[in-house]
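The next block holds one structure in the form of structure tokens; read it before the comments.
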Amino acid sequence: MAGHEKMRVRYSAAMIGTLALVPVTATPESLVTSSKNMYGTPGGLIDMPTAEMAPDGELATTVSHSGNTTKTTLTFQVMPRLTGSFRYSALSDYRPDRGLPTAYPNATYYDRSFDLRYQLIEEGQYRPGVAVGLRDLIGTGLYSGEYVVATKTIGSRLRVTGGVGWGRLGSYNSFTTMGTRPSDTIGSGGIPTYDRWFRGPVAAFGGVSFQANDRLSFKAEYSSDAYVEETGGGQDPGANLLTRKSPWNFGFDYQVNRAVSVGAYYMHGSTFGVKVSLATDLKGAPVPGGQETAPLPVAVRPKFSARDLGWTVEPGKTDAVQKDVAGAMAKEGMVLEGMKLEGNRVRVVLRNPRYDIEAQGFGRAARVLTRNLPDSVEEFTIVQTYKGMPTGAVTMTRSDVEALENAPAGNMLSRVAFSGGAGAWDGINPVPGTYPRLSWSLGPFAKLSVFDPDNPVKADAGLMLKGDYHIAPGWVASGAVSVKLVGNLDAAPSGRTGAGPGTLPPVRSDSRLYAMGNDPKIEYLTLAHYGRLGEDWYSRVTAGYLEPMYGGVSGEVLWKPTSSRLAIGAEVNVVRPRDYDMLFGLRSPVTPMGRIPEVNGHVSAYYDFGNGFHGQLDMGRYLAGDWGATVALDREFGNGWRVGAYVTKTNVSSAAFGEGSFDKGIRITLPLSWSIGTPSKKKNDVVIQSLTRNGGARVSVNGRLYEAVRSTHQTDVAKTWGRFWR
Numbered sequence: 191m192a193g194h195e196k197m198r199v200r201y202s203a204a205m206i207g208t209l210a211l212v213p214v215t216a217t218p219e220s221l222v223t224s225s226k227n228m229y230g231t232p233g234g235l236i237d238m239p240t241a242e243m244a245p246d247g248e249l250a251t252t253v254s255h256s257g258n259t260t261k262t263t264l265t266f267q268v269m270p271r272l273t274g275s276f277r278y279s280a281l282s283d284y285r286p287d288r289g290l291p292t293a294y295p296n297a298t299y300y301d302r303s304f305d306l307r308y309q310l311i312e313e314g315q316y317r318p319g320v321a322v323g324l325r326d327l328i329g330t331g332l333y334s335g336e337y338v339v340a341t342k343t344i345g346s347r348l349r350v351t352g353g354v355g356w357g358r359l360g361s362y363n364s365f366t367t368m369g370t371r372p373s374d375t376i377g378s379g380g381i382p383t384y385d386r387w388f389r390g391p392v393a394a395f396g397g398v399s400f401q402a403n404d405r406l407s408f409k410a411e412y413s414s415d416a417y418v419e420e421t422g423g424g425q426d427p428g429a430n431l432l433t434r435k436s437p438w439n440f441g442f443d444y445q446v447n448r449a450v451s452v453g454a455y456y457m458h459g460s461t462f463g464v465k466v467s468l469a470t471d472l473k474g475a476p477v478p479g480g481q482e483t484a485p486l487p488v489a490v491r492p493k494f495s496a497r498d499l500g501w502t503v504e505p506g507k508t509d510a511v512q513k514d515v516a517g518a519m520a521k522e523g524m525v526l527e528g529m530k531l532e533g534n535r536v537r538v539v540l541r542n543p544r545y546d547i548e549a550q551g552f553g554r555a556a557r558v559l560t561r562n563l564p565d566s567v568e569e570f571t572i573v574q575t576y577k578g579m580p581t582g583a584v585t586m587t588r589s590d591v592e593a594l595e596n597a598p599a600g601n602m603l604s605r606v607a608f609s610g611g612a613g614a615w616d617g618i619n620p621v622p623g624t625y626p627r628l629s630w631s632l633g634p635f636a637k638l639s640v641f642d643p644d645n646p647v648k649a650d651a652g653l654m655l656k657g658d659y660h661i662a663p664g665w666v667a668s669g670a671v672s673v674k675l676v677g678n679l680d681a682a683p684s685g686r687t688g689a690g691p692g693t694l695p696p697v698r699s700d701s702r703l704y705a706m707g708n709d710p711k712i713e714y715l716t717l718a719h720y721g722r723l724g725e726d727w728y729s730r731v732t733a734g735y736l737e738p739m740y741g742g743v744s745g746e747v748l749w750k751p752t753s754s755r756l757a758i759g760a761e762v763n764v765v766r767p768r769d770y771d772m773l774f775g776l777r778s779p780v781t782p783m784g785r786i787p788e789v790n791g792h793v794s795a796y797y798d799f800g801n802g803f804h805g806q807l808d809m810g811r812y813l814a815g816d817w818g819a820t821v822a823l824d825r826e827f828g829n830g831w832r833v834g835a836y837v838t839k840t841n842v843s844s845a846a847f848g849e850g851s852f853d854k855g856i857r858i859t860l861p862l863s864w865s866i867g868t869p870s871k872k873k874n875d876v877v878i879q880s881l882t883r884n885g886g887a888r889v890s891v892n893g894r895l896y897e898a899v900r901s902t903h904q905t906d907v908a909k910t911w912g913r914f915w916r
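For reference, each letter of the sequence shown is one residue, going 191 to 916 in my numbering.
The structure is reproduced here in structure tokens:
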């Protein structure tokens, strides 16, 4: 037996060593793959990991099924060498608490897990690429496993992979042990399992993939996963999800098009598996170049005409020019809210509801001004607003606009000056018709709750009427009324073991009570004021029914210089919980679990790292009275896509928080302009929380300052300045 152990050690070492000696030509890019395995992570094998990476910035969803288990995985290529994945798995007739009266009454166990993989060494001419990875690093431990893996490209079609694994990946035919690995516990989950990482039995795995053509690939692998949980040897002795007769798996993948791939496999010597993946390149666009109408050409003034100031004494000339500018701006999808015209300069205050790339909005406005202003006007200051509050301004000369229209956009960027536009309304009356004004919409709505531990998808759908009454610059009354037509967000939880919301006051866990019934509900009804406290300072005060669950007053200040990557903000909220019917009443903050505090708030720091990554730190008091901090990191793309993650840790214990241990999640912004190929400021914000619990919860307030302000500042506008002339 000891000799057999040594033979297995030599075999695994030789497998990886051989990969390092294969003399083939390869570049770092050669380990980029469009394939996804059954776990939804990049790789040309089936269940086993590889050292391959997806294209940078790719977001992919993979659904796989085998052995009474369905996995749905969202994978993001965070950086060229770092991959992150969130997985939601459904295991039929798997019951960790089998035998208890409250044990998963629907006979399906739903599990959530997170993975990370980092490519330590890029592939070279003679060396393989090497990656290290963690599966289920902060989940329940059901799929917990770690690995070090090497992959080598041989020729142009063949890739060979070998690696060693711990946890599940070390559970079959292990050749040694590294320390003691604590038993996997399927409980509240959500805590990084540091004490298990790279500990316990170690086993070897490997495989090959062959690219037959640009669409079809074949693969075979040797699996080091004994599938203990699925075969009744783990937390559920009665589990019988699959029969494992062999460690060998075989199959093929077929790339249907750039976005879609499918796969079919024969696994474990006893069963079949299937997979479909949908991948999106967040750095590209479905319609290259965009489909918006071409901009108006810049109007170049005749020589010496700039000296003519005769128009300044013409009665009504200023009003006529303002009318012309307003009409031309409207054709470009923008609204002229105010204008101050002098002999050789102009300041225009604009609302830009169309161009999500603010540089393009500034550029279109500059073109309009060259075509509609008297020739003597040389200096343009273009101010953009949010709810009538100036957020940012650019100043340029007309001569530069005329001279640089056909030059690289960077030439123009070096000639403009950015400012906060704090005094934009000084000496200006709003253009007639801009204030007061009413805007409204009626349309369908959908509210989703996904990846719940009791139900994969819960949703409500119906109709929603929204309206904004803009009273004066900076003043707006807003409201929304909804009617649910169909849905199950009010479904009662199963009451299964371990699913309790913890011991904090129910500030979010009772959200289903607000979804009950089909009567009209007031989603929000507020009066807000947005103002400027100085060149770098912004303010907001919002009062009323702030969101479906809370009403009160919210105040915020923000310091954000236009050229600074750093911003600092502070918010204070005084709130009470709303009545469950979501009409005009408030209810008592006293609950059986304690009193919901009326005061909460945060101090926030925002930082643009300048490489596509953006960070946010919030510290303060949360809705349930707990104190702590939220850290968020997002990767942002020039086309409006944003993918990030956040984690909140407060001074409540994991037991008090309940299942999930602490609040964490993934957030994704999907810009409409990306999919339709024309400018639009509409977008969808999706937040995927591991669970909705009471710890780390915040009030949801419309129109928070930072996102409203930053898009018109130099730090953001300069990133997409290439669209200025578009």
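By construction, the Cβ of each residue, glycine as well, lies at the ideal position given by its N, Cα and C atoms. Note that this is a predicted model, so its numbers are computed, not measured.
Endpoints, beta strand (DSSP E) assigned at Ser-727
One detail in the question is off: residue 727 reads as Trp in this sequence, not Ser. First-last of the beta strand (DSSP E) with Trp-727: 727 to 735.
So, is Lys-493 buried or exposed, given that buried needs 16 or more other C-beta atoms within 10 angstroms?
exposed
DSSP-derived helix/strand/coil call for Ser-256:
strand
According to DSSP, simplified to helix, strand and coil, what is Tyr-896?
helix
Whole-Å CB distance - Thr-265 paired with Ser-275, under 8 angstroms assumed
4 angstroms
At least three beta-carbon pairs within less than 8 angstroms, the stretch 297 to 310 to the stretch 230 to 249
yes
So what's Val-907 in DSSP terms, helix, strand or just coil?
helix
Spatial distance of Val-536 from Val-891 (CA atoms)
36 angstroms
For a test of the three-state rule: what should DSSP assign to Val-591, helix, strand or coil?
helix
Would you kindly work out how many angstroms separate the C-alpha atoms of Pro-487 and Glu-527, rounded to a whole number?
23 angstroms
What three-state label does DSSP hand Asn-562 in the structure shown?
helix
Verify whether the separation of the beta carbon atoms of Gly-745 and Val-731 is less than 8 angstroms.
yes
Sort Tyr-412, Ala-410, Leu-432 and Pro-782 by Cα distance to Val-418 and report the nearest one.
Leu-432
Rounded Cβ spacing between Gly-830 and Pro-861 (contact assumed at less than 8 angstroms):
3 angstroms
Short check: CB of Gly-329 to CB of Arg-358, under 8 angstroms?
no
Gly-517 in three-state terms, based on DSSP:
helix
The alpha helix (DSSP H) with Ser-843 in it runs from where to where?
Per DSSP, Ser-843 belongs to no alpha helix (DSSP H) and is neither H nor E.
Using the C-alpha atoms, what's the distance from Lys-873 back to Pro-622?
30 angstroms
So if DSSP puts His-792 in a beta bridge, which residue, or which two residues, is it bridged to?
Glu-761 and Gly-810
Taking 6 angstroms as the limit between beta carbons, can you name the residues of its chain near Ser-901, skipping five residues before and five after?
Glu-548
Contact under 8 angstroms by Cβ, Ala-429 with Tyr-284:
yes
Quick check: the Cα distance between Ser-373 and Ser-303, rounded to an integer number of angstroms?
17 angstroms
Spatial distance of Ser-870 from Pro-286 (CA atoms)
48 angstroms
CA-to-CA distance, Leu-559 to Gly-523, given in whole angstroms:
15 angstroms
Is Ala-662 near the ligand GTP, going by C-beta to nearest heavy atom under 7 angstroms?
You won't find the ligand GTP in this model; it holds no ligand whatsoever.
Kindly indicate which residue of Pro-505, Thr-838 and Ala-757 has the alpha-carbon position closest to the one of Asp-726.
Ala-757
Buried or exposed (CB count within 10 angstroms, at least 16 for buried), Asp-906:
buried
The stretch 612 to 632 touching the stretch 585 to 596, judged by at least three CB pairs closer than 8 angstroms:
no
Could you spell out the range, first to last residue, of the alpha helix (DSSP H) harbouring Ser-865?
862 to 866
In the structure shown, what three-state DSSP assignment does Gln-512 receive?
helix
Alpha carbon to alpha carbon, what distance is there between Lys-854 and Leu-715?
29 angstroms
Are the stretch 463 to 471 and the stretch 243 to 256 touching by the rule of at least three beta carbon pairs closer than 8 angstroms?
yes
Is the beta carbon of Arg-277 closer than 8 angstroms to that of Tyr-229?
yes
Quick one: residues in its chain with C-beta nearer than 7 angstroms to the C-beta of Ala-908, no 5 flanking neighbours on either side, listed in chain order?
Leu-603
Among Arg-434, Glu-826, Gly-500 and Ser-361, nearest to Val-392 - alpha-carbon criterion:
Ser-361
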